[in-house]
Amino acid sequence: MLRWFPHAPLVPLLLLFLAACGPSEPSPREGGVARRADESAPGTDSAEQISRYIRCIFQDRDGVLWFGTTTDGVVRYDGRSLEYFNASNGFGSDWVNAIAQDIMGDIWFATRDGAVRYDGNMFVRYTTKDGLASDHIWSLLVDRNGEVWFGTYEGVTRSDGGTFSPFPLPAADLSAHPYHEDAALVNAIVQDRSGAIWFATKGGAYRYTGTTLTRFSKSDGLCDDFVNTLLEDRDGRMWFGTQFGGLCSYDGNTFTAFTHTAWDGENIGTLYQDANGTLWIGERANGLCNYDTRDLRCFDATDGEGIRVVFCMLEDDQGRLWVGTGAGLYRYEGGQFVNMTKAQLL
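Residue numbers (the working numbering): 885 to 1230.
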């Protein structure tokens, strides 16, 4: 069901120059993906889907699409065929959280079982034995200098291609949230246009300029310390999707809370901006909205069983918007979400 809402202003929050501590997303101890028990669509025929849970989507330099899943490893799609790589055929894991490509063209995969690098011919897996802080990697970034950053359940590890080294971040203080675990979990890593690297954690957001590490928290105007996801928009604003405080942005000076007359989103798990500048906002288990700086349009399970639980989005080089959900793969076409089953892709 498409819901359209007229424009409503954003509410500015004051930026203060202090720091504090706080929380983030659900514990992965119950199987890894931070999801609620109802974050799936029971009516979906899983056998028709390329996989049930599409955790991440990536397009490489050759135009090939890669779909990271939570049960079937990674799926490679060249527009003609689907090829599966998982624990049973040399990939080393069935669970993929993030994908990126380095300056040499190698593709990196963040998995529950370490980092996997693919050079076009073979997969190589790296684990704590090689220097990773944890084998369970949740987020991944290749920066402009070619350095690879891994956000794990035990903090951040960076690699220059030859060695792995720790990048210390303070663990979150979760004393106010005893039901949450993994205080050192890094949910997301992005690099902004200035070259600074941002980390989303359960203890706020961190910005690293190459020389200085700065923490932003609720005391500074951040909408919540439990930061799930990050996005820099094309105007240079940094957006923060949080667990308990909804959505806010930062222009370099001031934090601004996203508010709307019809918006009551709290637990934001997905952020994406398409080529038209439209901001897509996924709330955990409560559907997906898009915002074009004036109008807010929201979608739910009536628009597609998987739209209630959106994990990721990607606009490919042909302008097609792919959506990874808790009930398979979708594509946004003509204002509608189309479930892209195996039959439709092949």
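Note that CB positions come from ideal geometry on N, CA and C, so glycine has one too.
Owing to the predicted nature of the structure, the values given are computational and were not obtained by experimental measurement.
Bridge-paired residues (DSSP) for residue i
i       : result
Ile1021 : Thr1036
Thr953  : Ile938
Trp992  : Ala984, Arg1001
Leu1198 : Trp1206
Arg1042 : Trp1033, Ser1049
Local conformation of residue i per DSSP, three classes
i       : result
Asp1162 : The sequence shown places Thr at residue 1162, rather than the Asp named in the question. Residue state, collapsed to three classes: coil.
Ile941  : strand
Gln1228 : helix
Glu932  : helix
Arg1192 : helix
Ala1067 : coil
Thr1186 : helix
Gly1218 : coil
Thr1154 : strand
Thr1047 : coil
Thr1177 : coil
Thr1209 : strand
Thr1012 : helix
Glu1031 : coil
Arg960  : strand
Arg919  : Confidence is the limiting factor: at Arg919 the pLDDT is only 34, short of 50, which leaves the residue's position unreliable and the question unanswerable from this model.
Met1006 : coil
Val1074 : strand
Ser924  : Summary for Ser924: the model assigns pLDDT 45, below 50, so the residue's position carries little reliability, and this model does not support an answer.
Leu1058 : coil
Asn1223 : strand
Alpha carbon of residue i to alpha carbon of residue j, nearest angstrom
i       : j       : result
Ala1067 : Val1074 : 20 Å
Gly1030 : Asp1148 : 39 Å
Arg1009 : Ala1089 : 29 Å
Phe1124 : Thr1098 : 16 Å
Ala1017 : Phe1128 : 27 Å
Cys1173 : Tyr1063 : 29 Å
Thr1095 : Ile987  : 23 Å
Gly1210 : Ala1072 : 19 Å
Asp997  : Asn981  : 11 Å
Ala1060 : Gln933  : 40 Å
Trp1082 : Tyr1092 : 6 Å
Arg1028 : Asn1223 : 35 Å
Asn970  : Arg939  : 14 Å
Asp1019 : Arg1001 : 14 Å
Met1122 : Val1111 : 12 Å
Leu1131 : Ile1152 : 7 Å
Cys1107 : Thr1126 : 7 Å
Gly1004 : Phe1142 : 42 Å
Arg960  : Trp950  : 5 Å
Ile941  : Thr1036 : 19 Å
Ser1103 : Gly974  : 47 Å
Val1026 : Gly947  : 18 Å
Asp1007 : Leu1053 : First, the residue type needs correcting, since residue 1007 is Phe and not Asp in the sequence shown. Those two C-alpha atoms are separated by around 30 Å.
Thr1140 : Ala1084 : 17 Å
Asp1119 : Leu1180 : 19 Å
Exposed unless 16 or more other CB atoms sit within 10 angstroms - verdict on residue i
i       : result
Ala1159 : exposed
Ser1023 : buried
Gly957  : buried
Ser1133 : buried
Gln1157 : buried
Glu1167 : buried
Arg1178 : exposed
Ser965  : exposed
Leu1230 : exposed
Tyr1214 : buried
Ser1101 : buried
Lys1086 : buried
Glu874  : It is not possible to answer for residue 874, since the shown part of the chain is limited to 885 through 1230.
Glu1038 : buried
Ser1043 : buried
Closer than 9 Å to chain D by CB, residue i
i      : result
Glu967 : The structure shown contains no chain D; it holds only a single protein chain.
Of all the beta strand (DSSP E) runs that stay within the bounds of the stretch 1078-1135, which reach a length of 3 or more residues?
1081-1085, 1088-1092, 1097-1100, 1111-1116, 1122-1126, 1131-1134
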